[in-house]
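Right, one structure below, let's go through it.
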């Protein structure tokens with residue numbers, strides 16, 4: 174769901190007036206006032222200039238039903254924070270706005286709130302981290318070069334033991350940069366992380382691997398052909414014409430396992446419309462992966478091929494896992510290592526593109 178700042182008037186301040194025209198002065202009042210208007214949500218969304226954007230983002234399903242009203246509520250609450258930064262509940266309101274914006278990928282709409290939170294509430298560590306993240310991702314969504322300066326500022330708040338969390342922040346920026354068509358910003362994000370943690374060689378190494386994978390974007394995916402662990406033949410080229418997620422993983426990789434629930438949900442939602450998933454396991458025993466597939470009820474083919482996996486890893490630049498690639502209908506690599514929040518949008522875009530061809 175790409176966010177368009179110009180169409181939705183990002184940066185303008187909105188507040189829903191209380192009865193009698195008095196300004197809203199509490200977050201709870203904003204929430205109640207907005208909730209009371211949800212029956213007429215599409216009229217209100219049009220008033221805010223957001224209906225056209227919402228229509229571009231989702232025309233059916235859950236997102237179409239709740240996306241626009243959620244944006245209205247977030248923007249109204251953001252307006253309250255910006256207009257009442259001295260209010261007793263401004264800190265709580267800012268946290269709510271930032272959490273909600275992240276949940277709906279509206280970060281570009283609330284960059285000003287993030288900047289206010291960074292300046293006014295530096296002692297609230299949880300809020301500060303979230304504000305930096307929202308600011309970085311929001312600026313990236315808007316394709317703005319200053320996103321990298323914002324990332325560097327955020328990275329300065331991390332200590333050495335937290336360097337993996339910092340890498341996650343870099344990945345969030347790199348992921349959104351790809352959706353914004355700015356692979357250069359994605360590379361710059363990983364370089365910023367590596368530069369910040371020069372003494373942590375492992376962080377720099379992993380960041381370098383991800384940059385190498387970014388450079389695969391635009392290339393045709395290398396062929397993968399082997400029996401799946403259930404005995405059925407698999408050939409990636411047979412899936413040409415659809416959208417494919419190639420997931421390199423292993424049963425001992427905790428981040429890989431943590432990604433499966435969201436990936437299963439995405440598969441169930443979009444498989445009938447042309448999404449396919451294949452898992453390339455780095456395990457050596459097919460029986461282990463077969464049992465794992467049954468336990469987790471993974472509906473896509475899983476490949477275990479110790480004789481060929483080294484070659485595939487080399488062609489896809491996968492020294493470490495997890496590593497994920499999204500291929501278009503021509504089997505060209507379009508996105509790599511997207512975060513969960515952005516993967517669904519990438520799939521939707523490529524499926525729409527496939528239908529339009």
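Numbering (this note's numbering), first residue to last: 174 to 530.
Just so you know, even glycine gets a beta-carbon here, dropped at the ideal spot from N, CA and C.
Fair warning: this is a prediction, and the values are worked out from it, not measured in the lab.
Closest Cα partner of residue i within the set the options
| i | options | result |
| --- | --- | --- |
| residue 432 | 469, 355, 293 | 469 |
| residue 476 | 358, 422, 390, 290 | 422 |
| residue 463 | 402, 493, 487, 508 | 402 |
| residue 255 | 244, 261, 246, 267 | 267 |
| residue 459 | 515, 478, 235 | 478 |
| residue 337 | 247, 428, 284, 311 | 428 |
| residue 366 | 393, 333, 390 | 333 |
| residue 391 | 489, 506, 248 | 506 |
| residue 455 | 404, 293, 491 | 491 |
Range of the contiguous alpha helix (DSSP H) that encloses residue i
| i | result |
| --- | --- |
| residue 249 | 234-256 |
| residue 265 | 263-277 |
| residue 378 | 374-387 |
| residue 459 | 459-469 |
| residue 427 | 427-443 |
| residue 518 | 513-529 |
| residue 343 | 336-352 |
| residue 423 | From DSSP, residue 423 is part of no alpha helix (DSSP H); its letter is neither H nor E. |
Inter-residue Cα distance where the pair is residue i and residue j
| i | j | result |
| --- | --- | --- |
| residue 482 | residue 362 | 29 angstroms |
| residue 252 | residue 411 | 51 angstroms |
| residue 436 | residue 341 | 18 angstroms |
| residue 380 | residue 339 | 11 angstroms |
| residue 485 | residue 497 | 13 angstroms |
| residue 517 | residue 439 | 7 angstroms |
| residue 274 | residue 289 | 15 angstroms |
| residue 388 | residue 261 | 48 angstroms |
| residue 513 | residue 373 | 26 angstroms |
| residue 413 | residue 343 | 32 angstroms |
Beta-carbon gap between residue i and residue j smaller than 8 angstroms
| i | j | result |
| --- | --- | --- |
| residue 346 | residue 328 | no |
| residue 303 | residue 265 | no |
| residue 511 | residue 348 | yes |
| residue 453 | residue 420 | yes |
| residue 281 | residue 311 | yes |
Endpoints, the beta strand (DSSP E) within which residue i is located
| i | result |
| --- | --- |
| residue 400 | 398-400 |
| residue 499 | 496-500 |
| residue 507 | 506-509 |
| residue 288 | Premise fails: residue 288 lies in the alpha helix (DSSP H), 284-293, not in any beta strand (DSSP E). |
| residue 408 | 406-408 |
| residue 451 | 448-454 |
Contact test: residue i Cβ vs the ligand SAM heavy atom, cutoff 7 angstroms
| i | result |
| --- | --- |
| residue 382 | As for the ligand SAM, it is missing from this structure, which has no ligand bound. |
If contact is defined by three or more beta carbon pairs under 8 angstroms, each pair taking one atom from either stretch, is the stretch 447-459 in contact with the stretch 519-530? yes
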